[in-house]
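Numbering (my numbering), first residue to last: 1 to 308.
Laid out in structure tokens, this is it:
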């Protein structure tokens, strides 16, 4: 299989994995589990899996170096605690987003999470003094218009929970901050080590807000661990792993476009699995947001020659 096609497929599958998270969380809520139990067991399971993978890969690499008599690699420059702090924002994303999923339909929750697009631009303008271009402003207007349509604002039966909307926007803001910090911190570390440190920070933040009582009251071994493993695989392990392998093959811009598949997947799963009402107007809103994401990442040069 062509490397570019293989890379695109990996990025797409990673996005599909992300898109299924909200549906899994809805089922976990139906089983009677709480927000703290769901987010806590996901962070813990993801931390254990990623550290185990890193330990195995480090051991294999060490043995290969000994066999080939290569020189020892230089010590990582980034302090571990900096990466952990950056990772705390992923914990906040999970807490805010899953609370939003509890209060609103998943098709609305994922739309609110996608508002990280304009929030990122706003943060860059305020904090980093990077003025948005006309193209960015136009596309952000399209995102907002798509949000109004997809959110069902023009529906006569609309009943939005204000708390749910606030939690959704907090999740989007946390996600925007996470993307900015993760892109600037720990890039000299191995991918698995950086991911493990980030999820460790996420786990610590989650346990501070929601003490892990489920370890001691029988809830964890009573079945909660299965939900934790599912959420960790679909949200913590598989997507970053697939993205790290796929994006270098297809380029950042195409990777960002393919990763937007998370939005229609979440909407489709809410419609066909959870049986939520997703009418034509909402789908038009989803399509508008997807078009904005595509336009944001398409460059003027030929995409087939992209090498970034």
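For each residue, glycine too, the CB sits at the ideal point set by N, CA and C.
For clarity, every value in this text was computed on a predicted model and none was experimentally measured.
By DSSP, does residue i sit in helix, in strand, or in coil?
i	result
residue 42	helix
residue 305	Only weak support exists for where residue 305 lies, its pLDDT of 43 falling under 50; the coordinates are left without a value.
residue 239	helix
residue 29	helix
residue 99	helix
residue 234	helix
residue 209	helix
residue 59	helix
residue 139	helix
residue 395	A question about residue 395 goes unanswered here, because the residues of the chain that appear run from 1 up to 308.
For a quick check, are the C-beta atoms of residue i and residue j less than 8 Å apart?
i	j	result
residue 46	residue 237	yes
residue 90	residue 199	yes
residue 120	residue 179	yes
residue 19	residue 176	no
residue 42	residue 232	yes
residue 282	residue 150	yes
residue 15	residue 259	yes
residue 54	residue 193	yes
residue 223	residue 44	no
Using a 10 Å radius around the Cβ and a threshold of 16 neighbouring Cβ atoms, would you call residue i buried or exposed?
i	result
residue 84	buried
residue 37	buried
residue 302	Note that residue 302 scores 42 on pLDDT, short of 50, meaning its location in the model is unreliable; the coordinates nonetheless yield the value given after this. Looking at its Cβ environment, which holds fewer than 16 other Cβ atoms inside 10 Å, residue 302 is exposed.
residue 205	buried
residue 141	exposed
residue 109	buried
residue 92	buried
residue 102	buried
residue 254	buried
residue 210	buried
Rounded to whole angstroms, what's the CA-CA distance from residue i to residue j? Just pull it up for me.
i	j	result
residue 94	residue 39	6 Å
residue 300	residue 9	Reliability of the predicted coordinates at residue 300 is poor, the pLDDT of 44 falling under 50, and the value obtained from them is presented with this limitation in mind. Taking the straight line from one Cα to the other gives about 24 Å.
residue 213	residue 219	9 Å
residue 245	residue 239	10 Å
residue 263	residue 104	16 Å
residue 284	residue 271	15 Å
residue 23	residue 266	7 Å
residue 185	residue 81	11 Å
residue 290	residue 99	24 Å
residue 60	residue 52	12 Å
residue 207	residue 88	11 Å
residue 203	residue 163	24 Å
residue 49	residue 138	42 Å
residue 115	residue 134	18 Å
residue 130	residue 117	15 Å
residue 188	residue 86	15 Å
residue 127	residue 277	39 Å
residue 173	residue 113	8 Å
residue 6	residue 226	30 Å
residue 269	residue 77	42 Å
Quick test of your reading: residue i and residue j, contact by CB under 8 Å. State the CB separation rounded to the nearest angstrom.
i	j	result
residue 171	residue 96	4 Å
residue 143	residue 292	5 Å
residue 21	residue 241	At roughly 15 Å, the Cβ-Cβ gap does not stay under 8 Å, so residue 21 and residue 241 are not in contact.
residue 3	residue 249	5 Å
residue 247	residue 11	6 Å
residue 320	residue 274	Since the first residue shown for the chain is 1 and the last is 308, residue 320 is missing from the structure and cannot be characterised.
residue 111	residue 147	6 Å
Answer with yes or no whether the minimum CB distance from residue i to chain E is below 8 Å.
i	result
residue 102	Of the chains in the structure shown, none is chain E; there is only one protein chain.
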